[in-house]
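Q: Numbering (our numbering), first residue to last: 2 to 372. Glycine included, C-beta positions come from ideal geometry on N, C-alpha and C. All figures in this text were calculated on a predicted structure; none of them were measured in a lab. The structure that follows is given in the form of structure tokens.
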């Protein structure tokens, strides 16, 4: 049987109101409506750009043809070849690409080129988040009017929401950070993709965004020959294996610490990432032994009831409770549903009123209307 959704959301609201901080776990669904491809799309577009720029001249022609056929199937909306995992596609391209230093440059193009308009000072065009309700709901949740009870510091037009302790994400883009900074005019969401980076944030208002698989920034780096600002990336099948065995690596440590420290809300996650599931699995004994276990809630679109019940039961064994929403036939309602849930949670904090949420949603640090 599916969870009683209203009861689950009430429990989430109670936890949010009672604890000092919670965490947000963000997946590809958060930036999908801004044009950022999903995992399979990223792998195939990466292959396409490498091929078009003649970086795969030494690759076996038969395999290139196989991937060209899969690219065509993906673009036409046909059922994918399940044997061609995105990690395997990325592994093949990275193994054969020449010169090797082009990987991050191509990933940046796949993520942003023709999709994201960058403004001055590293900001993104307002439509990046205005036309993406899920992304806008997330950054609204992270913001607080200066006189709000949940403002991270007194005074000023905008502050961060002090009840958001950190963000963990599997995304390679940093549009959550860029969108918050653009909407509120303050660089208070910072990407973190290496050990020790959190310690440099002395401003308590800053919300760290831990990219457990690394990230490529939408902002150009003038010091780099190819203008790419990026961390090391976990992309290929080999990368995942190395991450799996390196328990003290950045991604594993960041995720384990996050799930130990915070009750969390999963937004835009498919719940299929192997590293995330593995870490949740390993933490289950701690959760069962704890007198105050951390609770995790995943906002997920409804599918076939039997399938949802099965998936929800598996997630429950990892300590994750599902909140099922009606996303519409093509996912067109997901953003509105996410917004409604996050708003309800936001308003559950003592002294926070609807006008606080509405003002944070309107945003804008400029006078007049954003364009």
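(1) Which one of 80, 36 and 103 has the shortest CA to CA distance from residue 226?
(2) Inspect the beta-carbon positions of residue 260 and residue 286 and report whether they are closer than 8 Å.
(3) Are the stretch 29-47 and the stretch 166-173 in contact at 8 Å, needing three or more beta carbon pairs?
(4) If you count every other CB in all the chains shown that lies within 10 Å of the CB of residue 109, and 16 or more means buried, which is it?
(5) Do you know offhand how far residue 327's Cα is from residue 269's?
(6) Measuring alpha carbon to alpha carbon, tell me which of 20, 91, 185 and 119 ends up nearest residue 137.
(7) I'd like the span of the beta strand (DSSP E) that includes residue 166, first residue to last.
(8) With respect to the alpha helix (DSSP H) encompassing residue 255, which residues constitute its N-terminal and C-terminal limits?
(9) Got a sec? Which residues, its chain only, sit under 6 Å from residue 178 by beta carbon, not counting five neighbours each side?
(10) How far does the beta strand (DSSP E) with residue 211 in it extend, from its first residue to its last?
(11) Is it buried or exposed for residue 105, if we count other Cβ within 10 angstroms and need 16 for buried?
(12) If we count the other Cβ atoms within 10 Å of its Cβ and call it buried at 16 or more, is residue 149 buried or exposed?
(13) Just to confirm, is the Cβ distance from residue 146 to residue 50 under 8 Å?
(14) Counting Cβ pairs closer than 8 Å, one from the stretch 340-358 and one from the stretch 122-131, do we hit at least three?
(15) Between which residues of its own chain and residue 239 is the CB-CB distance below 7 Å, once the five residues before and five after are set aside?
(16) Find out if the Cβ-Cβ distance for the pair residue 324, residue 348 is shorter than 8 Å.
(17) Report the CB separation of residue 125 from residue 180 in whole angstroms; it is logged as a contact under 8 Å.
(18) What are the boundary residues of the alpha helix (DSSP H) that includes residue 192?
(19) Pull up the distance between the alpha-carbon of residue 319 and that of residue 278, whole angstroms please.
(20) Residue 56 and residue 72 look like a contact to me (Cβ under 8 Å); what is the Cβ gap, rounded to whole Å?
(21) Under 8 Å by Cβ, that's how I've got residue 60 and residue 97 pegged, so tell me the actual separation to the nearest angstrom.
(22) Taking 8 Å as the threshold, find out whether the stretch 150-157 comes into contact with the stretch 7-26 through three or more Cβ pairs.
(23) I'd like to confirm the pairing. Which residues does DSSP put opposite residue 159 in its beta bridges?
A: In short, the structure shows the following:
(1) Distances from the CA of residue 226 to each of 80, 36 and 103 were compared; the closest alpha carbon is that of 103.
(2) Not closer than 8 Å, so no.
(3) Flag = yes, the stretch 29-47 and the stretch 166-173 touch.
(4) When all chains shown are included, residue 109 counts as buried.
(5) If I take the Cα positions, the gap works out to 14 Å.
(6) Answer by Cα proximity: 185.
(7) Run containing residue 166: 165-170, per the beta strand (DSSP E) assignment.
(8) For residue 255, the enclosing alpha helix (DSSP H) begins and ends at 251-262.
(9) Close CB contacts of residue 178 within its chain, under the 6 Å cut and outside five residues either way in sequence, are with 190, 192 and 210 (chain order).
(10) Membership of residue 211 in the beta strand (DSSP E) is indicated by the continuous run 208-212.
(11) Buried: at least 16 other Cβ atoms inside 10 Å.
(12) So residue 149 counts as buried.
(13) Residue 50 is positioned such that its CB atom lies no closer than 8 Å to that of residue 146.
(14) For the pair of segments examined, the stretch 340-358 was found not to touch the stretch 122-131: the number of CB pairs separated by less than 8 Å stays below three.
(15) When the five nearest sequence neighbours on each side are left out, the beta carbons in the same chain lying within less than 7 Å of the beta carbon of residue 239 are those of 92, in order along the chain.
(16) No, the Cβ-Cβ distance between residue 324 and residue 348 is not below 8 Å.
(17) Yes, they are in contact, since the Cβ atoms of residue 125 and residue 180 sit about 6 Å apart, within 8 Å.
(18) Note, residue 192: premise wrong, no alpha helix (DSSP H); beta strand (DSSP E) at 190-193.
(19) When rounded, the separation of the alpha-carbon atoms in residue 319 and residue 278 is 8 Å.
(20) Not quite, the Cβ-Cβ distance comes to about 15 Å (not below 8 Å), so this is no contact.
(21) 4 Å between Cβ atoms; contact.
(22) Short answer: they don't touch.
(23) Beta-bridge annotation (DSSP): residue 159 is paired with 146.
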